[in-house]
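Heads up, the thing below is written out as structure tokens.
Numbering (UniProt numbering), first residue to last: 1 to 285.
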């Protein structure tokens with residue numbers, strides 16, 4: 001594992017990136033709102049050595065810069081990631097995004113045109129259940145300012161994610177927290193990511209459906225069977241009607257937080273999809 005920071009937007013923001021593996025098509029991992037790249041650690045630890053992963057802390061999350069203007073909409077975040085990929089000379093990546101990260105991945109696919117090897121959208125769709133989405137934002141706003149221990153944060157998360165795997169949550173927590181001079185732990189998160197973007201640049205449902213129809217690479221839609229955010233009929237429409245090369249995977253014993261609820265089944269699903277891609281073991285960038 002190697003972590004580094006890349007400057008974007010003429011040096012105004014630092015975006016933190018963690019790389020693992022060194023061969024194969026790069027897989028760019030984009031976390032959801034209020035989380036960080038640590039949510040992918042269980043996947044990257046378990047994956048085949050043939051895969052190269054690039055896990056990114058989106059603006060306002062993890063070790064990346066916060067934005068005083070609160071520009072945390074998916075088109076802006078996709079622009080940040082594009083500059084990171086250009087700086088790293090990454091070509092034709094596989095884009096894997098969860099929730100907000102799924103929206104960022106879809107926006108990024110449009111920016112990259114045909115230079116995408118594959119796309120995975122995890123519990124994200126053009127239409128989401130309003131109450132489920134608001135619960136995600138409420139959990140971010142209600143996150144305590146500090147925790148006495150890492151395990152205290154894990155316990156707090158488990159209260160809100162009863163299906164979650166403890167090992168996966170601990171992997172998330174280890175990167176999501178920083179120790180303060182007072183000896184307590186604070187989340188590395190700008191809670192304002194839960195606010196509606198003041199620029200109101202989020203694309204609307206019809207725009208997102210159109211973007212899905214324009215995707216030209218193999219695409220996997222992943223849904224937790226108990227998701228309160230992505231409805232099954234929306235996931236089916238995405239995979240079987242909107243996308244020209246779409247497929248749907250439903251993960252058992254999982255809600256919206258698919259990667260931490262059932263990491264073993266999720267990891268197998270991603271590994272199988274990557275193995276099915278024409279360029280998956282090409283070793284190129």
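Heads up, the beta-carbon is just placed ideally off N, CA and C, and yes, glycines get one too. Given the structure is predicted, the values throughout are model-derived calculations rather than measurements.
Considering Cα atoms alone, identify which of the options is closest to residue i.
| i | options | result |
| --- | --- | --- |
| residue 176 | 203, 151, 208, 221 | 151 |
| residue 164 | 207, 261, 75, 240 | 261 |
| residue 167 | 3, 216, 43 | 43 |
| residue 253 | 246, 243, 244, 265 | 265 |
| residue 102 | 75, 117, 139 | 75 |
| residue 121 | 67, 65, 249 | 249 |
| residue 18 | 54, 27, 8 | 54 |
| residue 7 | 24, 160, 66, 277 | 66 |
| residue 182 | 229, 131, 149 | 149 |
| residue 136 | 114, 275, 100, 155 | 100 |
| residue 47 | 171, 278, 267 | 267 |
| residue 203 | 184, 106, 231, 91 | 106 |
| residue 286 | 189, 230, 275 | The structure shown does not extend to residue 286, since the chain spans only 1 to 285, so no value can be given for it. |
| residue 109 | 134, 131, 81, 157 | 81 |
| residue 195 | 16, 141, 227, 3 | 141 |
| residue 191 | 178, 278, 221, 138 | 138 |
| residue 275 | 1, 5, 24 | 24 |
| residue 71 | 212, 239, 237, 201 | 201 |
| residue 256 | 89, 131, 90 | 131 |
| residue 85 | 28, 123, 271, 45 | 28 |
| residue 210 | 185, 187, 229, 238 | 238 |
| residue 227 | 133, 90, 45 | 133 |
| residue 232 | 123, 45, 205, 206 | 123 |
State the CB to CB distance for the pair residue i and residue j, rounded to an integer number of angstroms; the pair is presumed to be in contact (CB under 8 Å).
| i | j | result |
| --- | --- | --- |
| residue 125 | residue 234 | 4 Å |
| residue 104 | residue 87 | Wrong, their Cβ atoms sit about 17 Å apart, outside the cutoff. |
| residue 21 | residue 51 | 5 Å |
| residue 95 | residue 111 | Not really, about 11 Å apart at Cβ, beyond 8 Å. |
| residue 57 | residue 197 | 18 Å between Cβ atoms; not a contact. |
| residue 128 | residue 93 | At roughly 25 Å, the Cβ-Cβ gap does not stay under 8 Å, so residue 128 and residue 93 are not in contact. |
| residue 173 | residue 154 | 5 Å |
| residue 171 | residue 41 | 4 Å |
| residue 221 | residue 251 | That belief does not hold up - the Cβ atoms of residue 221 and residue 251 are roughly 11 Å apart, past 8 Å. |
| residue 230 | residue 223 | 5 Å |
For residue i, does the three-state DSSP call read helix, strand or coil?
| i | result |
| --- | --- |
| residue 23 | coil |
| residue 270 | helix |
| residue 248 | strand |
| residue 61 | strand |
| residue 33 | coil |
| residue 14 | strand |
| residue 41 | helix |
| residue 55 | strand |
| residue 177 | strand |
| residue 282 | Note that residue 282 has pLDDT 43, beneath the 50 cutoff, so the model's placement of it is unreliable and no number is given. |
| residue 74 | helix |
| residue 276 | helix |
| residue 1 | coil |
As an exercise, report each continuous alpha helix (DSSP H) stretch of at least 4 residues that is fully enclosed by the region 95-171, in chain order.
100-112, 130-141, 150-160
Taking 8 Å as the cut-off, does the region 2-12 touch the region 127-147 (at least 3 CB pairs, one atom from each stretch)?
no
Tell me, please, whether the region 57-66 touches the region 31-40 by the rule of three or more beta-carbon pairs shorter than 8 Å. yes
Beta strand (DSSP E) segments (min. 3 residues) lying fully within the region 185-269
185-187, 219-224, 246-251
Please determine if the region 200-217 and the region 239-256 are in contact, where contact requires at least 3 C-beta pairs separated by less than 8 Å.
yes
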